[in-house]
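Here's the structure we're looking at; comments come further down.
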Amino acid sequence: MAQLWGGRFTGSINELAWTFNASITFDQRFLEVDVRGSKAHATMLAKQGIISEEEKDAIICGLDAILSDVRDGKLEITDKYEDIHSFLEANLIDRIGDAGKKVHTGRSRNDQVALDMRLYCRGEVENTANLLEELLKCLSSIMKDNLETYMPGFTHLQKAQPVTLAHHLGAYFEMFKRDLLRMKDIYKRMNYCPLGAGALAGTTYPLDRDYVAELLDFEGPTLNSMDSVSDRDYLIEYMSALSTIMMHLSRLSEEIIIWNSNEYRFVEIDDAYSTGSSIMPQKKNPDIAELVRGKTGRVYGDLMSLLTTMKGIPLAYNKDMQEDKEAAFDAMDTVRNCLTLFTDMLATLKFNKDNMEKSATKGFTNATDAADYLVNKGMPFRDAHSVIGRLVLACIDKGCAIDDLSLSELKEFSELFDEDIFDAISLKTCVEKRLTVGAPSPDVMKKVIEANDEFLSSFSFK
Ligand code: ARG
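Mapping of the sequence shown onto the working numbering: residues 0 to 461, in sequence order.
Pasting the structure below:
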């Protein structure tokens with residue numbers, strides 16, 4: 000056990016308490032960001048005359064050497080150390096001696112870990128944004144190819160009105176676009192540097208916090224030292240946005256699972272993203288989509304865990320906050336994997352356009368249009384609704400669609416029916432006539448896709 004705080008103690012810590020308290024097994028992923036933060040801190044200490052230029056240079060060289068030794072496998076991060084901060088400081092002192100003992104001047108692990116989490120999180124938020132952009136490009140390209148791929152639109156999972164595949168996926172484009180914009184927004188709000196807050200009350204050393212913030216590409220320093228060490232709002236915002244991404248991925252996964260079922264056969268998932276059964280030779284299961292749906296609960300759980308951890312913590316730092324890491328890392332890792340795999344699965348998905356179109360012609364998806372036809376011939380909508388309702392009932396009885404009836408059969412329900420009814424309720428007309436903003440008509444969708452392209456090409460994260 001190599002701890003930073005032995006001086007005040009006479010006894011040694013209980014072994015289980017040591018392990019229980021330690022965070023090195025999971026905070027070692029802060030290695031790079033911790034080194035980056037310490038280098039900036041040392042640079043500022045030297046600029047302020049708190050340490051010498053030589054000491055600063057020794058600290059920077061020492062930290063870089065530790066980093067490359069760990070990367071090359073020459074130095075192992077072990078649980079002999081409490082956390083990554085202790086590991087780095089102890090190794091630095093081993094290598095450069097007294098100068099290493101000065102790196103923690105004017106700093107506490109409380110502001111150090113707050114900085115590490117922000118630096119790490121900043122990179123992850125940017126990465127999530129990149130993955131969302133890839134997903135949006137994939138959706139957009141499928142949409143472009145399917146402006147006239149008709150399919151049933153559903154409400155209550157009952158066929159409702161015809162739409163197109165472009166329109167259906169366009170709904171998900173909007174969802175993931177909002178997710179992407181959320182990343183930009185979260186990044187902006189979290190981009191302030193907590194280093195210099197000390198344990199909780201700043202420090203008496205003449206630190207230049209603006210300078211450190213600038214060195215680390217932050218917008219500026221955080222403005223209250225107690226808040227700086229105990230704020231995890233940015234993590235909660237990020238995990239909440241990650242949960243929303245998972246909710247969207249889960250909904251589309253659910254659709255893909257349904258579309259891939261024997262009953263629908265709207266899509267065929269590529270072999271690369273399916274698995275078989277150990278007993279039933281015929282099976283090809285949509286496991287990736289199911290796992291994405293399943294892992295959504297896990298990410299929600301991570302968010303709940305952090306929210307619950309934070310709710311009872313008095314100012315300022317309390318050790319409870321160490322619990323932020325495993326939950327946050329789990330959410331980040333899960334969403335990273337889900338977004339990557341999901342986009343690949345979507346890009347290789349085969350759409351069975353014939354089945355989609357056939358399905359759209361059944362289930363009376365043109366019933367609303369038949370009622371609208373009568374309205375156009377002068378019948379009030381409520382009456383038209385009732386006429387078509389009776390007509391649908393008769394069709395269900397006969398086992399046919401509205402357009403399978405002859406004109407004379409139709410006239411038994413209303414004299415207003417004419418030869419033009421068949422064109423008015425064809426699948427093509429039903430979709431093409433839906434011309435309001437946001438509706439499925441290919442003419443409208445083309446404009447939406449153009450706007451999407453413009454959004455994607457002009458989007459900048461920072
Ligand atoms: N491992 C700790 C954490 O993640 C680092 C901060 C420790 N601070 C302290 N006062 N014990 O929160």
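Ideal placement from N, C-alpha and C gives every residue a C-beta, glycine not left out.
Computed from a predicted structure; not experimentally measured.
Contact defined as beta carbons within less than 8 Å: I believe A400 pairs with T360. What is the distance between those atoms, to the nearest angstrom? 7 Å
Could you spell out where the beta strand (DSSP E) holding P151 opens and where it closes? 149-154
Hey, out of S407, A326, T24, D226, whose CA is closest to L302's CA? A326
Out of E132, A113, N126, point me to the one whose CA is closest to A198's CA. A113
Could you check if T42 is buried or exposed, using at least 16 other CB atoms within 10 Å of its CB as the buried criterion? buried
Which residue or residues does DSSP assign as beta-bridge partners of E267? K349
Between the stretch 280-300 and the stretch 339-359, can you find at least three pairs of beta-carbon atoms closer than 8 Å? yes
From the DSSP secondary-structure annotation, give me the bridge partner or partners of P161. P151
Tell me the rounded alpha-carbon separation between I424 and N451. 30 Å
Excluding sequence positions up to five away, which residues of its chain have a Cβ less than 7 Å from the Cβ of L314? M225, S229
Counting beta carbon pairs with one atom in the stretch 39-53 and one in the stretch 189-208, are three or more of them shorter than 8 Å? yes
Is V112 near the ligand ARG, going by C-beta to nearest heavy atom under 6 Å? yes
Indicate, with yes or no, if the ligand ARG has a heavy atom lying under 6 Å from the CB of R108. yes
What would DSSP say about A438, mapped onto helix, strand or coil? coil
For M320, is the beta carbon positioned less than 6 Å from some heavy atom of the ligand ARG? yes
Please say whether Y191 and E218 have beta carbons closer to each other than 7 Å? yes
Cβ-heavy atom distance between S456 and the ligand ARG below 6 Å? no
Do L415 and L455 have their C-beta atoms closer together than 7 Å? no
Classify I185 as buried or exposed, calling it buried when 16 or more other Cβ atoms lie within 10 Å of its own Cβ. buried
Spatial distance of A39 from S22 (CA atoms): 23 Å
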